[in-house]
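> Quick note, in the numbering used here, the sequence shown goes up one by one and the last residue is 1092. All C-beta atoms in this analysis are idealised placements derived from N, C-alpha and C, irrespective of residue type, glycine included.
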Amino acid sequence: MESAGENLGGLSIAGGWISSSPNLDKNLGILSAEEIALAKMLLDKGQKHLFDHWPEPGVDDTRKKNFLHQVARLNSSYPGGLVSYIQNARKLLSDSKAGKNPYDGFTPSVPSGEILTFGDEKFTLLEEAGVRESRKAAFVLVAGGLGERLGYKGIKLALPSETTTNRCFLQYYIESILALQEASCRTVQGHGEAEIPLVIMTSDDTHAPTLSLLESNYYFGMKSSQVKLLKQEKVACLNDNDARLALDPNDSYKMQTKPHGHGDVHTLLFSSGLLNLWHRADIRWVLFFQDTNGLLFKGIPASLGVSATRGYQVNSLAVPRKAKEAMGGIAQLTHTDGNTLFMIFRYKMVINVEYNQLGPLLRATGHADGDVNCETGFSPFPGNINQLILELEPYIQELSKTRGAIAEFVNPKYKDSSKTSFKSSTRLECMMQDYPKSLPASAKIGFTVVDKWLAYAPVKNNPEDASKVPKGNPYHSATSGEMAVYRANCLMLKKAGVLVADPIIDIFNGQEVEVWPRVTWSPKWASTFTDVIWKVGKGCSISQRSTLVINGQNIVLDGLRLDGTLVITANDQADVKVTGHVQNKGWTLEHVDYKDNSIPQEIRIRGFKIYKIEQLELNYMESGKFQFPEQEGAE
Ligand SMILES: O=c1ccn([C@@H]2O[C@H](COP(=O)(O)OP(=O)(O)O[C@H]3O[C@H](CO)[C@H](O)[C@H](O)[C@H]3O)[C@@H](O)[C@H]2O)c(=O)[nH]1
């Protein structure tokens, strides 16, 4: 057996580095040169405790080697490796202990951006511009989160965005991207068939079920080569202020790990090499989005239009924010640094400030009332919905400097005010919206505000927590998420001239919501408001108890008076015009309780299930022109 002072696989151990860890020393003979190098790195960084319990060689050797394999993975998945991770952790933990505010010296102000009004001329023009640009876009969906607050046993992407059609979030997203792809290619003659790439960031918690959802549904119509899954790794947990790494309480040959946050997406995109590939394929925009927002794509064309016309390097999609609402505010932060005798440096950035930091920051900078509404009835700071549009070229340039590393933070829960020990291990975290933090002050960063009813209805909270949300605040539950889809579709139809009955108020799982007629359409029917206007003629009406399902591209409603349920399905070669009076018993909503385990979880978390009594189904699977009801005398 070799021992300290010898040469192992080219690694000189004569320097005595091993002397601090006799148990590791005894085991050097069972380790490869790479494993020894990793162990040395850990000892150098004050992590000797990780080996203190190692028994003699011959006992648990495979587990010891597996431990170092895990160390190798953690080392390679973090920019700069574990050495950087430990250094960054020490700095952030020491700042946290000292109570240092990351925004010290910064003054917030309202940045400049585009505030859109749904359906006006500017909105329509921007939507057109956005659709044109779409074929130069790549979409990135961050879906590595477990969704602990929602408490759903499956992945959130598999949840129905609404239960009238049971279209799940992933299907809605993919169909929306394909609809944009088709619409965009139609706007440019002779540019061939663009394929919009989709990247999904997964984690150990979500990877296998996401892949299986895609495969069992034939990628929802997208080519499998168009979709790429990038799995994020967790990061090592930290036991104390010296950033001593934590071992898994259930397995002393395993490092304890926790999620690093959605900011990992930048590192993964950088290391995957995809960005350069996209650049060579003439892609100009990268659109980031989250796992459960059934309205998201209604706001995308116009905001992409804003990026293109304003030349924004970073564009955050936002909605009007009520003061103190639990969503970050987009703010311009200006730092005045008077540390030099000769000049005053000003540094500014436009960034999301999380809601728990915005109030204190405002109060510390002369706004005695903190986070309050202005004369519009809303906070002057737009609410971040974490949908980012980045211009690819400057994004690549920036990531080449940072290797995709994003500003991190740490949030230890201290045992007491001495801040010397933690209640449980902590870890560094990062958020994708913090990307602009490293950009120079000259970077063109803006935001696009769209109506909340149009673009934001996430599903994050379980029924119990949602029912406790103070009245008037958003529930962000499966109930409110589904109702928001019907509401948005109805409001769009109304704006296009359809007489849509007013909603009724009902209570599901303790949440009071507006129930609009259940209107849904496949994304290919309408990607923009102009599409809706084109496909809706005069004299249409929809009663409150109605359900309308439109599945197909070329379906026009003209003088349709609906009182019941109508499901229209048509292939792309069928031109269908639907008119007349349709009346039947329709579909009703039945109350169910979220605690009723006899009902599937994806249904009971809504507090209702759809009871299908009677409907009219129209199917057009051949090419040609069709009208319902068929005209008398027509062949
Ligand atoms: O390690 C992680 C953690 C999360 N996610 C994904 O990131 C998205 C966002 O996660 P959460 O829904 O848990 O996000 P939060 O509610 O904590 O907050 C985020 O979304 C809000 C709006 O929905 C605000 O914009 C806020 O500023 C932003 O951080 C989800 O798609 C989730 O799957 C990952 O991919 N990996």
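When the Cβ atoms of the stretch 1003-1012 are set against those of the stretch 652-667, are three or more pairs found closer than 8 angstroms?
When Cβ pairs closer than 8 angstroms are counted between the two stretches, the stretch 1003-1012 is seen not to touch the stretch 652-667, the count staying below three.
> Hey, Leu614 and Phe626: beta-carbon distance below 8 angstroms or not?
yes
> How about His723 and Met888: do their beta carbons lie closer than 8 angstroms?
no
> Write down the C-beta distance between Leu753 and Gln844 rounded to the nearest angstrom, noting that I regard them as a contact closer than 8 angstroms.
6 angstroms
> Looking only at its chain, what residues have a beta carbon closer than 6 angstroms to the beta carbon of Lys992, apart from the 5 residues adjacent to it on each side?
Cβ neighbours of Lys992 beyond the five flanking positions: Val1013.
> What does the Cβ neighbour count give for Asp873, buried or exposed, with the cut at 16 atoms within 10 Å?
exposed
> Tell me which same chain residues have a C-beta within less than 6 angstroms of the C-beta of Thr749, skipping the five on either side of it?
Lys613, Phe626, Pro915, Val916
> When DSSP labels each residue in this structure, what does Ala983 get in the three-state scheme?
coil
> Over what stretch of residues does the beta strand (DSSP E) that includes Leu687 continue unbroken?
684-688
> Checking 8 angstroms against the spacing of the C-beta atoms, do Leu573 and Ala759 come in under that value?
yes
> Could you check where the beta strand (DSSP E) with Thr409 kicks off and where it finishes?
Since the displayed the chain opens at 458 and closes at 1092, residue 409 lies outside it and no answer follows.
> With burial defined as no fewer than 16 other Cβ atoms inside 10 Å of the residue's Cβ, what is the status of His717: buried or exposed?
His717 comes out buried.
> Do Gly751 and Gly587 count as a contact pair if the criterion is CB distance below 8 angstroms?
no
> Would you say Ser878 and Asp697 are within 8 angstroms of each other, going by their C-beta atoms?
For Ser878 and Asp697, yes; Cβs fall inside 8 angstroms.
> How many whole angstroms separate the CB atoms of Leu885 and Glu865, which I take to be in contact at a CB cut-off of 8 angstroms?
With 8 angstroms as the limit, Leu885 and Glu865 qualify as a contact, their Cβ atoms being about 4 angstroms apart.
> Regarding Ile964 and ligand 1, is the C-beta to nearest heavy atom distance less than 7 angstroms?
Every heavy atom of ligand 1 is 7 angstroms or more from the Cβ of Ile964, so no.
> Leaving out five residues before and five after Arg975 in sequence, what residues of the same chain have Cβ atoms less than 6 angstroms from its Cβ?
Thr621, Tyr943, Thr1004
> Between Asn480 and Gly503, what straight-line distance do the alpha-carbon atoms span, to the nearest angstrom?
Roughly 15 angstroms between the two C-alpha positions.
> With DSSP as the reference, label Ala555 as helix, strand or coil.
Here Ala555 carries a coil assignment [DSSP, helix/strand/coil].
> Would you report the Cα separation of Ser477 and Ser633, rounded to the nearest angstrom?
59 angstroms
> Using a Cβ-Cβ cut-off of 6 angstroms (strictly less than) and excluding sequence neighbours within five positions of Leu582, which residues of its own chain qualify?
Taken in chain order, the list of residues that qualify is empty.
> Using a Cβ distance threshold of 8 angstroms, determine whether the stretch 485-496 contacts the stretch 673-690, with at least three qualifying pairs required.
no
> Taking 8 angstroms as the cut-off, decide whether the C-beta atoms of Val567 and Val776 are in contact.
no
> Identify, in the order they occur along the chain, each residue of the same chain with its Cβ nearer than 6 angstroms to the Cβ of Met1078, setting aside the five sequence neighbours on each side.
Asn1028
> Just how far apart, CA to CA, sit Phe575 and Val1033?
28 angstroms
> With DSSP run on the structure shown, which of helix, strand or coil describes Trp474?
helix
> Can you grab the Cα-Cα spacing for the pair Gln924 / Ala935, in whole Å?
The sequence as given places Ser at residue 924; Gln does not occur at that position. Taking the straight line from one Cα to the other gives about 12 angstroms.
> Are the stretch 784-794 and the stretch 666-681 touching by the rule of at least three beta carbon pairs closer than 8 angstroms?
Taking 8 angstroms as the limit for Cβ pairs, the verdict is that the stretch 666-681 does not touch the stretch 784-794.
> Leaving out five residues on either side along the sequence, give the residues of the same chain with a beta carbon under 8 angstroms from the beta carbon of Gln638.
Ser591, Arg592, Ala651, Glu652, Ile653
> Please classify Cys997 as buried or exposed, where buried requires at least 16 other C-beta atoms within 10 Å of its C-beta.
buried
> CB-CB under 6 angstroms to Ala862, same chain, minus the five flanking residues each way: which ones, in chain order?
Pro536
> Taking buried to mean at least 16 other C-beta atoms within 10 Å of its own C-beta, is Ser681 buried or exposed?
exposed
> When DSSP builds the beta bridges, which residues end up paired with Thr404?
This structure cannot speak to residue 404, because the chain is shown only from 458 to 1092.
> Straight-line CA distance for Ser553 to Ser875?
12 angstroms
> With C-beta atoms as the reference, is Lys715 less than 8 angstroms away from Lys691?
yes
> Since Glu855 and Ser899 are thought to touch, with beta carbons under 8 angstroms apart, how far apart are those beta carbons, to the nearest angstrom?
12 angstroms between Cβ atoms; not a contact.
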